[in-house]
Amino acid sequence: MAMDSNNGVPVHYAVAGEKAAIPCNISTPLSDDQVSLILWYRVDMPNPIYTLDIRKRTIKEAKHFPSPEIKDRSYFNMDIHPPTLILEPARVEDEADYKCRVDLRRGMTIGQRLRDIIGPYDEGAFLTLACEVDGGDPSPEVTWWRGTTLLDDSFNVTPQGFVRNELFLFELRRSDLLAEFTCQATNTNLTRPRTSAVRLDLNSYKVHVSGTQVKGKVYHPL
1 MAMDSNNGVP VHYAVAGEKA AIPCNISTPL SDDQVSLILW YRVDMPNPIY
51 TLDIRKRTIK EAKHFPSPEI KDRSYFNMDI HPPTLILEPA RVEDEADYKC
101 RVDLRRGMTI GQRLRDIIGP YDEGAFLTLA CEVDGGDPSP EVTWWRGTTL
151 LDDSFNVTPQ GFVRNELFLF ELRRSDLLAE FTCQATNTNL TRPRTSAVRL
201 DLNSYKVHVS GTQVKGKVYH PL
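Under UniProt numbering, the first residue of the sequence shown is numbered 1, with each subsequent residue one higher.
Shown next as structure tokens:
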């Protein structure tokens, strides 16, 4: 394993055609808490590439939901420490940035802070912002806003039971620099909506892909 010299993010290497192993830190800050969901994201894709659902189950009974892109060559090994997402065989096109998100039964989410600056992205790039909400009775409405302007009020329920809304930004502009986009979830007029927001950072850096190795950055929980 090598460390990225710019930001200290671990970089894991694998040879195309062999096994790629990407670990996920699922340790909890509270000794009496337990993991309920583990979601693996590839940051250039809007949907999780792998979901492990442990809600109302033991780890041995957990349900595995790999995405179609990796369904036939992936598994999440919970029997080793730290638990590790395996891609076998690895492919050159697997080179990417990955993030593991861990949800706890007592309500905390370990991973990237929801209210944060994301990016940087290239001006003119296409970006998808995805917001998922778990729980609620009745099921919540999930919407995307920019300031007081409603951008998207379409949402759907995923096979894992999340309410999901995807906001498509087809061409990022300089006016989007540090713009705040807010996901809002509401299921009643009697309580205030729950919200999470992100700001966009833009620049012009490019990612160079090696043709001989699969390289990915793993963003560990904070």
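No residue lacks a Cβ here, since even glycine has one placed at the ideal position from N, Cα and C. For clarity, every value in this text was computed on a predicted model and none was experimentally measured.
Cross-strand partners of residue i (DSSP beta bridge)
i, result
"Ala185", "Val142 and Arg194"
"Phe168", "Thr128"
"Glu95", "Per DSSP, none; premise fails for Glu95."
"Thr149", "Arg146"
"Leu178", "The partner list for Leu178 (beta bridge, DSSP) is empty, contrary to what the question assumes."
"Asp134", "Answer by DSSP bridge pairing: none, since Asp134 is not bridged."
"Arg173", "Bridge partners of Arg173: none, in fact."
Other residues of its chain near residue i: CB distance less than 8 Å, five sequence neighbours each side excluded
i, result
"Glu18", "Glu88, Pro89 and Ala90"
"Ala20", "His12, Ala14, Ile86, Leu87, Glu88, Ala90, Asp94, Val214 and Gly216"
"Pro159", "Phe65"
"Ile80", "none"
"Phe170", "Phe126"
"Arg146", "Ala179, Glu180, Phe181 and Thr182"
"Ser5", "Caution applies to Ser5, whose pLDDT of 30 falls short of 50 and renders its modelled position unreliable; the value that the coordinates give is listed next. Counting only Cβ-Cβ distances below 8 Å, and skipping sequence neighbours, we find nothing."
"Thr195", "Thr182, Cys183, Gln184 and Ala185"
"Ala62", "Leu52, Asp53, Ile54 and Met78"
Distance between beta carbons of residue j and residue i, contact taken as under 8 Å
i, j, result
"Val163", "Pro193", "With a Cβ gap of about 13 Å, Val163 and Pro193 do not count as contacting."
"Thr128", "Phe168", "6 Å"
"Ile49", "Ile70", "6 Å"
"Leu39", "Tyr121", "22 Å between Cβ atoms; not a contact."
"Val92", "Val35", "Not a contact, Cβ separation roughly 32 Å."
Close-in-space but distant-in-sequence residues of the same chain around residue i (CB under 7 Å, 5 per side omitted)
i, result
"Thr186", "Pro140, Glu141 and Pro193"
"Trp135", "In the sequence under discussion, the amino acid at residue 135 is Gly, which differs from the Trp named in the question. Nothing meets the Cβ criterion."
"Thr143", "Leu150, Asp152, Asp153, Asn165 and Gln184"
"Pro46", "Thr128, Ala130 and Glu166"
Exposed unless 16 or more other CB atoms sit within 10 angstroms - verdict on residue i
i, result
"Val157", "exposed"
"Arg57", "exposed"
"Gln184", "buried"
"Pro138", "exposed"
"residue 272", "Given that the chain is displayed from residue 1 to residue 222, the structure contains no residue 272 and the question cannot be resolved."
"Leu30", "Any reading at Leu30 must be qualified, since the residue scores a pLDDT of 48, below 50, and its modelled position is unreliable; the value itself is stated next. Under this definition Leu30 is an exposed residue."
"Gly161", "exposed"
"Arg174", "exposed"
"Phe155", "buried"
"Asp72", "exposed"
"Glu132", "buried"
"Thr51", "buried"
"Met108", "With a pLDDT of only 45 at Met108, under the threshold of 50, the placement of this residue in the model should not be trusted, and no figure is reported."
Same chain only: Cβ atoms within 6 Å of residue i, ignoring 5 sequence neighbours per side
i, result
"Ala125", "Leu172"
"Leu177", "Leu202"
"Met78", "Ile59"
"Ile118", "Val198"
CB contact below 7 Å: residue i versus chain D
i, result
"Phe162", "Included in the structure is just one protein chain, with no chain D present."
Threshold first: 3 residues or longer. Then list the beta strand (DSSP E) segments lying entirely within the segment 19 to 84, N to C.
20 to 23, 35 to 42, 50 to 53, 63 to 66 and 74 to 77
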